[in-house]
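The structure under discussion appears below in the form of structure tokens.
Number of protein chains: 2
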Amino acid sequence: MAVLWSVVVLSFVHQVVSIGFPDCKNGPLKNNAVCDIDKDPLARATALIDLLTIEEKINNTGSTSPGVPRLGLPDYQWWQEALHGVASGHGVNFSASGDFSYATSFPQPITMGAAFDDDLINAVATVISIEARAFNNAKRAGLDFWTPNINPFRDPRWGRGQETPGEDPYHLASYVHALIDGLQGGYDPKYKRIIATCKHFAGYDMETWAGNYRFQFNAEISTQDMVEFFLPPFQSCARDSNVGAIMCSYGAMRGTPTCADPYLLQTVLREHWGWTKEQQWVVSDCDAVQNIYLPHMHESTREAAAADALNAGCDVNCGTYYQNHLPAAYAQGLINETTVTQALIRQYSSLIRAGYFDPPENQPYRSLGWSDVATPHAQEVAYKAAVEGIVLLKNDGLLPLNIDSYDSIALLGDDWANATTQMQGNYAGIAEFLHGPLYAAQQLNKTINYAAGLGRWRDPTTNNWLPVWDAANKSDIIIFAGGIDNSEEGEGMDRMVIGWQGAQLDMIGQLAMMGKPMIVLQMGAGSMDNSPILQNPNISALMWGGYPGQDGGTALFDLILGKQSPAGRLPYTQYPANYIAQVPMTDMSLRPGPNNPGRTYRWYTGKPIAEFGFGLHYTNFSVSIPSKAIHGSSFDIAQLMRSCNGHHGYGSSSVKYKDQCPFAQIPVHVKNIGDSVTSDYVTLGFLAGSFGPRPYPKKTLVSYQRLHDIAPGDTATATLNITLGSLSRVAENGDRVLYPGEYEMLIDVQPMAKLAFRLTGELVTLDKWPQPPKAKNQTSDGYFVGGWGSTGDIGAVGGEEEVLNI
Amino acid sequence: MAVLWSVVVLSFVHQVVSIGFPDCKNGPLKNNAVCDIDKDPLARATALIDLLTIEEKINNTGSTSPGVPRLGLPDYQWWQEALHGVASGHGVNFSASGDFSYATSFPQPITMGAAFDDDLINAVATVISIEARAFNNAKRAGLDFWTPNINPFRDPRWGRGQETPGEDPYHLASYVHALIDGLQGGYDPKYKRIIATCKHFAGYDMETWAGNYRFQFNAEISTQDMVEFFLPPFQSCARDSNVGAIMCSYGAMRGTPTCADPYLLQTVLREHWGWTKEQQWVVSDCDAVQNIYLPHMHESTREAAAADALNAGCDVNCGTYYQNHLPAAYAQGLINETTVTQALIRQYSSLIRAGYFDPPENQPYRSLGWSDVATPHAQEVAYKAAVEGIVLLKNDGLLPLNIDSYDSIALLGDDWANATTQMQGNYAGIAEFLHGPLYAAQQLNKTINYAAGLGRWRDPTTNNWLPVWDAANKSDIIIFAGGIDNSEEGEGMDRMVIGWQGAQLDMIGQLAMMGKPMIVLQMGAGSMDNSPILQNPNISALMWGGYPGQDGGTALFDLILGKQSPAGRLPYTQYPANYIAQVPMTDMSLRPGPNNPGRTYRWYTGKPIAEFGFGLHYTNFSVSIPSKAIHGSSFDIAQLMRSCNGHHGYGSSSVKYKDQCPFAQIPVHVKNIGDSVTSDYVTLGFLAGSFGPRPYPKKTLVSYQRLHDIAPGDTATATLNITLGSLSRVAENGDRVLYPGEYEMLIDVQPMAKLAFRLTGELVTLDKWPQPPKAKNQTSDGYFVGGWGSTGDIGAVGGEEEVLNI
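Below is the structure:
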């Protein structure tokens with residue numbers, strides 16, 4: 001082993017990475033093709049990597065690349081984060097003060113998802129990538145960022161649901177398509193602004209549950225659910241948006257750790273989705289390669305675990321397992337140099353695409369600097385994202401609040417009342433300011449009686465309640481800001497309950513008994529059972545804010561006061577509190593079954609507290625679909641396919657895949673029939689009906705569009721783009737199929753307009769799904785076995801213990 | 001409601017409690033009987049409380065008593081902690097520097113339990129109470145302390161198992177008997193040193209599991225398990241040790257929140273156990289009264305919840321629920337003044353017993369001061385407690401370490417290698433010093449290569465491993481200090497897994513591959529599956545340290561070096577890692593059954609990794625029981641009872657209860673047959689056999705004694721005290737019964753001596769158990785329903801939702 005250690009130690013002299021650019025003018029590489037901007041990126045990367053010895057290659061397979069000093073190839077940090085703004089840590093280095101001491105901090109994706117506004121998302125992503133590139137130019141960050149987290153929010157307990165736009169795969173696919181364009185600066189630009197990374201591929205949406213944990217969990221997912229629910233956002237990233245990188249996840253799916261799964265990383269991702277550009281690479285989640293050895297116990301040696309990942313198509317290892325163990329794997333013949341070379345070509349091609357080896361004057365982004373960070377425009381987008389994403393869940397008419405009627409406001413609750421970094425959630429950067437509810441209230445020129453004695457819900461709290469009663473007694477109106485935050489939901493920590501906790505609910509109830517006007521703000525991402533608040537006649541209004549970012553308090557108060565109008569929609573189902581007793585978190589299936597009442601608005605058989613897509617306004621709308629929206633009420637499938645194959649598109653440059661074939665652009669007229677409030681309106685288009693395999697989902701979101709600033713009496717028109725893919729269903733084998741049957745288009749959650757039509761003729765397969773290998777049991781059935789409710793056969797666990805030799 | 005608020009607000013002007021003594025010389029009370037030291041405590045307390053109005057009484061039912069200013073009755077803080085030394089927070093006020101800036105910090109009870117040395121526990125408790133009283137005299141603490149936590153450590157996942165001495169109810173009962181004598185200054189002294197509080201009564205041993213949480217959980221416990229396992233430590237506290245206070249718990253048992261359960265608080269505690277001294281009071285866990293309303297939903301109004309608790313016999317409410325809601329409960333006729341008066345008489349009688357109203361010169365403890373805190377003796381006891389509690393689990397002969405053979409030591413691992421406050425665990429105070437492993441290693445005049453790059457197991461870590469390899473490469477011997485700490489196990493947080501985590505185990509394995517001598521220190525309380533370390537031939541030794549307190553590092557190194565000899569024994573069963581997949585944490589039953597392989601060494605049907613009571617030494621012992629240890633091999637039950645009723649005891653002053661009737665004092669000769677090492681030896685006496693109801697436990701601990709400093713060649717004799725209670729079993733209805741049958745006494749875990757005998761004749765009931773009311777379903781089956789694996793009928797949960805009106 002001693003030789004191995006020394007290799008590692010020698011190559012990592014620099015713990016701090018310099019983030020320099022290679023010197024193509026005077027450095028040792030100046031005559032190498034990598035510095036020749038007239039050559040294509042593949043040729044350039046190949047020329048560079050061909051210079052490296054196998055030891056040098058392996059030394060550069062980790063997230064911290066030492067580079068090759070003899071060649072003037074700088075060290076490089078591949079790990080940057082930018083989930084909702086340039087984020088602290090890893091390769092990003094904020095300065096202590098002055099220039100580059102902050103960046104724009106947007107709401108968490110769960111709040112931005114609630115805006116249902118892809119243009120907004122594109123604008124946000126554009127700001128983020130511009131700021132990221134400015135940090136890179138200042139040598140304060142690398143060029144690739146491990147964002148977005150695009151796993152659908154499957155179970156309300158998931159601690160990282162806040163990082164996602166919500167539960168619906170179509171919504172996520174559409175959102176991420178707009179996001180990646182903004183982040184990368186186009187879908188296939190000459191120069192990428194930054195390299196985005198869609199994560200976590202795939203089936204990762206649980207941190208810890210009853211003894212199961214993300215590093216060890218094996219998700220048993222049916223092929224149908226995989227294609228229908230877990231993969232569409234990744235298909236959008238890889239097939240349709242040309243994302244630069246994909247991150248494989250900690251967990252195993254159907255018995256194989258995802259980072260060691262050639263079916264996922266090669267068959268599905270690269271072959272089926274055609275994600276084969278030379279600059280596209282797969283990175284492991286951090287230490288996910290180590291996890292293949294322990295705790296997955298997928299291989300009995302560390303070398304075999306590392307080799308499995310590399311051979312499966314995982315190009316970069318966040319961690320040091322490749323660097324530590326690929327030398328021995330190579331010596332043992334478990335990997336060959338070609339595979340290592342290919343991985344490095346992919347990595348460095350992506351840097352070439354970002355202009356890393358090019359003269360600064362040749363590219364559009366090298367001039368970005370501090371003046372491009374946190375600009376007034378950027379701050380305005382962050383504010384707007386919060387306003388658009390906040391959802392009004394209850395209003396008895398108190399809102400918009402006539403503030404002139406009140407002299408004093410009690411602002412109460414837990415830490416949310418005076419939230420600062422709490423508004424950012426996780427994976428955040430440093431914001432220029434963090435304006436919470438208390439800050440916003442203090443701008444009102446009213447008496448603010450603030451008391452936040454509640455503490456966290458886990459602790460005994462009534463000893464701290466006295467200042468709350470006092471503040472409430474003194475005030476004309478009560479605003480309670482509570483809910484959950486990153487102490488209840490976060491990375492490595494799923495939520496334990498999905499109801500309001502006893503202590504908060506008890507205080508809310510007692511405050512409501514005082515009979516004063518009262519507003520509750522429900523903060524935090526995860527679904528909560530709001531029924532006691534919705535039912536309490538003494539509580540006038542309930543507003544959901546998620547994690548609204550740097551201007552969250554201002555956005556909340558502007559909405560309360562009617563300076564802005566709420567039009568956000570819940571991006572997930574709010575389940576009853578006892579939902580979590582009905583289904584183990586480890587049950588991955590979406591459709592209802594024994595011990596599973598179904599998941600998401602498509603399949604949940606119970607009555608939700610609030611539906612996916614629900615959200616109130618300060619005005620009323622009427623919605624209509626013109627009678628000639630589609631040409632007729634019955635469509636022959638064969639004819640639809642012929643139309644697509646013809647002049648419309650499929651086979652042409654605009655439609656590459658059959659599911660993208662157009663069906664109709666349905667106009668939806670939305671009229672503001674109120675008399676005083678201008679408001680946005682989110683046009684949600686669902687499909688319901690009887691077509692495809694049973695059971696039928698209740699409905700399926702197939703298109704959405706946010707309309708802006710509709711004045712009283714005015715009408716705006718949304719155009720819902722419906723493709724043949726929109727009409728399709730997924731068969732048990734994963735094929736996406738266009739079925740004959742009865743269809744109905746429904747506009748909004750409680751449908752405000754409908755459009756019925758029929759498909760006839762023979763079914764057509766739009767996408768033939770590559771069949772997965774037969775699921776095998778995960779190797780680990782001994783030491784690292786999951787807990788209660790794990791997918792293993794509980795009855796068999798008591799059998800022979802596998803000996804774990806470390 | 002406004003009236004109620006104002007009552008509360010007015011009465012709590014002082015948020016900071018002054019901890020003054022009442023002025024019986026010149027104050028308004030000077031002529032009241034409470035100041036008359038010649039009267040008995042009940043009369044004195046009654047005279048005081050009779051002066052209070054009902055409002056004043058209710059205002060003083062919380063943990064923070066405002067007192068009665070008009071009477072000169074000072075405010076008082078009832079909440080102090082001293083689990084393993086005077087603890088920070090609540091009523092205890094450490095100074096920032098100088099006098100009273102620290103106190104002696106002993107190991108956590110789990111480590112002290114491993115010493116199996118009741119004399120040690122008594123000495124520790126004596127130090128704690130002396131220091132506590134010194135703090136009280138300096139007006140830095142009250143007189144009552146909410147210690148010990150004496151719930152048996154039922155499930156290895158429990159985050160608060162660290163606070164307990166282990167899993168065995170006899171062990172806990174014996175331990176706590178010695179502890180309370182030390183804390184209170186005798187079992188019924190004229191002046192109590194402090195007032196101890198046994199908690200949490202009862203059936204509380206789970207924080208969070210799969211949606212169930214302590215504030216809401218309803219424990220379904222059979223009467224047999226209740227009497228046999230959950231209650232013996234409390235019987236020891238209440239019936240046999242005259243503890244001053246008992247704390248009821250957060251949870252419900254058999255459908256009733258314990259703080260609202262008259263069966264527990266009146267029938268069992270006061271009537272059956274005779275815990276009826278006027279100065280004995282029950283306090284709720286903090287906000288456990290609030291929890292009766294939410295989340296238990298045991299009553300539909302807050303007033304009824306508070307009234308339930310008071311009427312059930314909960315005298316003091318940690319929190320403000322009594323003070324807030326008893327006024328309305330009184331107005332509604334839900335409580336009467338007599339009950340409030342009785343509660344206050346109990347509280348203030350206990351202060352009278354502590355000399356609170358007496359002239360300082362009359363009592364032994366008022367002169368204790370700073371010079372009595374953290375004395376050399378106290379520090380020595382803390383060190384000794386760590387040495388005695390540390391358990392040697394593996395040794396291939398490397399230990400005791402010949403340190404002269406090594407020039408350099410690699411001290412590696414996670415934060416434990418340089419532990420400071422980590423060594424204290426939870427409920428700790430401020431220590432004068434915290435000497436961890438690194439400190440101890442640095443005293444050795446060797447080259448210490450320290451690296452703690454592992455980080456916490458939850459995080460990706462391999463990026464931080466480089467300094468570890470470097471340190472290991474440079475060293476002659478490797479000591480790895482790891483395990484778990486309060487970031488994995490703690491209040492409000494049960495453990496998710498009970499194996500070593502992948503990252504730590506991976507590093508341990510790779511270090512072991514270097515082929516250097518290697519020692520692993522397993523720190524933290526909860527049981528861990530050590531099999532990969534036990535099986536690895538490259539790891540020479542494994543030592544368990546728990547939370548060893550202020551001198552933990554020194555104790556560990558003195559044991560490693562042979563300056564001290566290990567003789568601690570595991571106070572719980574170390575289960576295989578997959579144990580947690582075999583039984584939900586919510587399954588309270590001890591006996592094996594479907595989905596339950598049995599709990600504790602008495603009932604677990606699998607093969608443990610290390611048994612309860614296991615521990616290695618640096619020498620060998622031979623053990624023998626003399627042939628005349630007991631008079632004969634067959635005993636007639638009726639004759640045994642007659643002997644007890646006669647001159648021996650039962651009915652006499654020395655034996656008050658039949659289970660205390662003596663059977664035998666069994667001498668056990670223990671000879672050190674090694675040739676070089678002097679060592680302690682813990683004599684464990686188990687009973688096995690076929691008697692009483694089936695199934696039979698594997699064995700049962702009935703007596704233990706730690707023998708000290710047995711030199712090579714020397715013999716020491718333990719005396720195991722066996723009562724008729726020792727021989728009894730618990731029937732399904734909870735009766736403790738002496739059964740005819742075959743008995744075998746086993747000395748040590750792998751028996752080193754045995755003694756067989758037989759009981760004949762008719763069974764005799766030693767203790768007739770008061771039958772519980774029929775278990776009812778907990779009120780809460782709607783909003784606050786437990787999660788997966790809760791005791792409710794999962795199938796029924798999907799039914800009608802209960803409306804929660806707050």
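Taken in order, these protein sequences are the chains called A and B. With UniProt numbering, letter number 99 in the first sequence gets 99, and the count goes up by one each step, no holes. With UniProt numbering, letter number 780 in the second sequence gets 780, and the count goes up by one each step, no holes. All residues carry an ideal CB built from backbone N, CA and C; glycine is no exception.
The beta carbon of Val-34 (chain B) sits closer than 6 angstroms to those of Arg-44, Ala-47, Leu-48 and Phe-357, all from its chain and outside the five residues before and after it, given in chain order. Using a Cβ-Cβ cut-off of 8 angstroms, Tyr-321 (chain A) is close to Thr-462 of chain B, given in chain order. Annotation: Cβ neighbours of Gly-782 (chain A) in chain B (cutoff 7 angstroms, chain order): Asn-578.
Residues of the stretch 685 to 708 of chain A with a C-beta less than 7 angstroms from any C-beta of chain B: none at all. Taking C-beta atoms as the reference points, Val-764 (chain A) and Leu-727 (chain A) fail to come closer than 8 angstroms. Residue state for Pro-667 (chain A) is assigned as strand, using DSSP reduced to three classes. Cβ proximity to chain B below 7 angstroms picks out Gln-290, Asn-291, Tyr-293, Leu-294 and Pro-295 from the stretch 288 to 308 of chain A. Runs of the alpha helix (DSSP H) lying entirely within the stretch 389 to 473 of chain A, each at least 4 residues long, are 437 to 442 and 466 to 473 in chain order. Boundaries of the alpha helix (DSSP H) around Tyr-293 (chain B): 288 to 293.
Residues of chain A whose Cβ lies closer than 8 angstroms to the Cβ of Asp-529 (chain B) are, in chain order, Tyr-783. Taking C-beta separations shorter than 8 angstroms and ignoring five residues to either side along the sequence, the partners of Asn-362 (chain B) in its chain run Ile-37 and Gly-355, following chain order. Contact between the stretch 406 to 425 of chain B and the stretch 125 to 141 of chain B is absent, with fewer than three C-beta pairs closer than 8 angstroms. According to the DSSP secondary-structure assignment, Glu-744 (chain A) is paired through a beta bridge with A:Ala-688 and A:Ala-756.
For Asn-530 (chain B), the number of other beta carbons within 10 angstroms of its own is at least 16, and it is reported as buried.
Of B:Met-518, B:Lys-384 and B:Pro-232, the smallest CA-CA separation from Gly-397 (chain B) is found for B:Met-518. Taking 8 angstroms as the CB threshold, Leu-521 (chain A) stays off the interface with chain B.
Beta-bridge pairing by DSSP links Gly-546 (chain A) to A:Met-523. Taking a beta-carbon distance threshold of 8 angstroms, Tyr-213 (chain B) counts as an interface residue toward chain A. Residue environment: Leu-570 (chain B) is assigned as buried (16 or more neighbouring CB atoms within 10 Å of its CB, all protein chains considered). Burial state of Pro-376 (chain A) is exposed, judged by a 10 Å Cβ sphere holding fewer than 16 other Cβ atoms. Secondary structure at Met-507 (chain B): helix, using DSSP grouped into helix, strand and coil. Met-496 (chain A) has a beta carbon lying within less than 8 angstroms of a beta carbon in chain B.
For Phe-357 (chain A), the three-state secondary structure derived from DSSP is coil. DSSP, reduced to helix, strand and coil, places Ala-577 (chain B) within a helical segment of the structure shown. Contact annotation, Ile-128 (chain B) with Gly-85 (chain B): C-beta distance approximately 6 angstroms; criterion of less than 8 angstroms satisfied. In terms of Cα proximity to Cys-248 (chain A), the closest of A:Thr-208, A:Arg-254, A:Gly-615 and A:Cys-259 is A:Cys-259.
Membership of Asp-709 (chain B) in the beta strand (DSSP E) is indicated by the continuous run 700 to 710. The closest CA to that of Thr-147 (chain B), considering only B:Ser-408, B:Asn-426 and B:Glu-489, is found on B:Asn-426. Per DSSP, the unbroken beta strand (DSSP E) holding Asp-636 (chain B) starts and ends at 634 to 636. The beta carbons of Ala-525 (chain A) and Ile-110 (chain A) sit closer together than 8 angstroms. Using a CB distance cut-off of 8 angstroms, Thr-339 (chain A) does not count as an interface residue toward chain B.
Shown here for Glu-303 (chain B): same chain residues with a beta carbon closer than 7 angstroms to its own, the five before and five after excluded, namely His-325, Ala-328, Ala-329, Gln-332 and Leu-334 in chain order.
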